[in-house]
Amino acid sequence: MTKVLVATEKPFAKVAVDGIKKVVEEAGFDLALLEKYTAKAELLAAVADADALIIRSDIVDAEVLDAAKQLKIVVRAGAGFDNIDLAAATAHNVCAMNTPGQNANAVAELALGLMVYCVRNMYNGTSGTELMGKKLGIHAFGNVGRNVARVAKGFGMEVYAYDAFCPKEAIEAAGVKACSSVEELYSTCQFISLHIPATAETKNSINKALVSKMPKGAVLINTARKEVINEAELLALMAEREDLRYVTDIMPAADADFKAQFPTRYFSTPKKMGAQTAEANINAGIAAAKQIVDYIKNGNEKFRLNK
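Residue numbers (our numbering): 81 to 387.
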């Protein structure tokens, strides 16, 4: 019988596990759970006879793939997939997928929540400002970016976007103003919400030269990846510009420096929380199970990440 392993150091909610189990068992497959494991050896043992694997932020590298002799597919329940070694998956003839869009609304709501928290001076009792009428730039117009635009328009914000891989027509069809370059986006908008992945091209790309183009009263919001921020240069820029604020869902490596130098202009959540809602948890887990069933039974590779 086909065995589907759910290996999650940080477990899914029970209702999500129940939904995954229903999908898997209705397909005639067997479900196994490895939750709250504390050592990689536990994962290596558990994957030995698994045909399919569902993970969250768990690492699937060459060592895990070496141990998973029967593995055909691994699905990351969520959008980000930098915790899967795609080259190693290809070398082991394992299909790697993610579940794009399932967490998008949760991340978008958090991004707007961070903006509100920031402009109301972290609820310290002093007079703040409003989002209505302000210009918001969305850097990358994928599933999350589109949801940010939808929510932001509800606040009455003027929404712009730049995405090197998304046609201008698609951005404008969503009721958003398309910028022709990333520099235009940053020089136009007081608020910038980051939704770019961490790739060789994007790591450290949010640097002093780019962020310094933002207008007075600038707010940078990061619910993407910490690696895209050039932390040393952002620290230097914030020291120069007392109007610049930074709020993030991914604690920087230099968190202590940001806190010490800019206690009223910087905030980070204690851990990545963008997808940490009951709804996103359920949606991503069940989507992962459905994609596994569809791949094994029908060969559907729609969300395949590796070649």
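Yeah, the Cβ is synthetic: ideal placement off N, Cα and C, and Gly gets one too.
Answer with buried or exposed for residue i, where buried requires no fewer than 16 other C-beta atoms within 10 angstroms of its C-beta.
i      : result
Pro332 : buried
Ser207 : exposed
Ser261 : exposed
Lys387 : exposed
Ala126 : buried
Val144 : buried
Thr344 : exposed
Asp165 : buried
Lys116 : exposed
Asp110 : exposed
Met81  : exposed
Using a Cβ-Cβ cut-off of 7 Å (strictly less than) and excluding sequence neighbours within five positions of residue i, which residues of its own chain qualify?
i      : result
Ile309 : Ile286, Asn302 and Pro332
Tyr375 : Ile153, Cys175 and Glu381
Asp335 : Ser348
Lys339 : Tyr346
Based on the DSSP secondary-structure assignment, which residues constitute the bridge partners of residue i?
i      : result
Asn178 : Arg156
His219 : Tyr242 and Leu274
Val140 : Ile164
Arg200 : DSSP lists no partner for Arg200.
For residue i, I'd like the list of residues in its chain whose CB is within less than 6 Å of its CB, leaving aside the five on either flank, ordered along the chain.
i      : result
Leu290 : Tyr266
Phe245 : none
Asn223 : Pro180, Gly181 and Ala184
Ala369 : Ile100, Val103 and Val104
Glu313 : Asn287 and Lys288
Suppose you measure from the CA of residue i to the CA of residue j; what does that come to, to the nearest Å?
i      : j      : result
Thr170 : Met177 : 12 Å
Ala168 : Thr279 : 17 Å
Tyr136 : Ile362 : The sequence as given places Arg at residue 136; Tyr does not occur at that position. Approximately 12 Å, taken between the alpha carbons.
Thr282 : Asn163 : 17 Å
Gly193 : Ala119 : 35 Å
Pro247 : Pro277 : 18 Å
Glu189 : Ser348 : 16 Å
Met294 : Gln371 : 41 Å
Ala250 : Phe221 : 9 Å
If you drop the 5 nearest sequence neighbours on each side, which residues of the same chain put their C-beta closer than 8 Å to that of residue i?
i      : result
Ala203 : Looking at the sequence itself, residue 203 is Tyr, so the reference to Ala does not match. Only Tyr197 meet the Cβ criterion.
Tyr240 : Lys215, Leu216, Gly217, Ile218, Val256, Lys257, Ala258, Cys259, Leu265, Thr268 and Cys269
Gln341 : Leu315, Met318 and Ala319
Val199 : Gly208, Thr209, Glu210, Leu211 and Val299
Ala186 : Gly354, Ala355, Gln356, Thr357, Glu359 and Ala360
Validate contact between the segment 321 to 331 and the segment 149 to 160 using beta carbons, cut 8 Å, 3 pairs: In this structure the segment 321 to 331 does not touch the segment 149 to 160; the number of beta carbon pairs closer than 8 Å is below three.
Any 3 or more C-beta pairs closer than 8 Å across the segment 227 to 236 and the segment 208 to 218: By the C-beta criterion, the segment 227 to 236 is judged to be in contact with the segment 208 to 218, since at least 3 inter-stretch pairs fall below 8 Å.
Cβ contact (3+ pairs, closer than 8 Å) linking the segment 138 to 149 and the segment 97 to 109: Cβ pair count under 8 Å is below three, so no.
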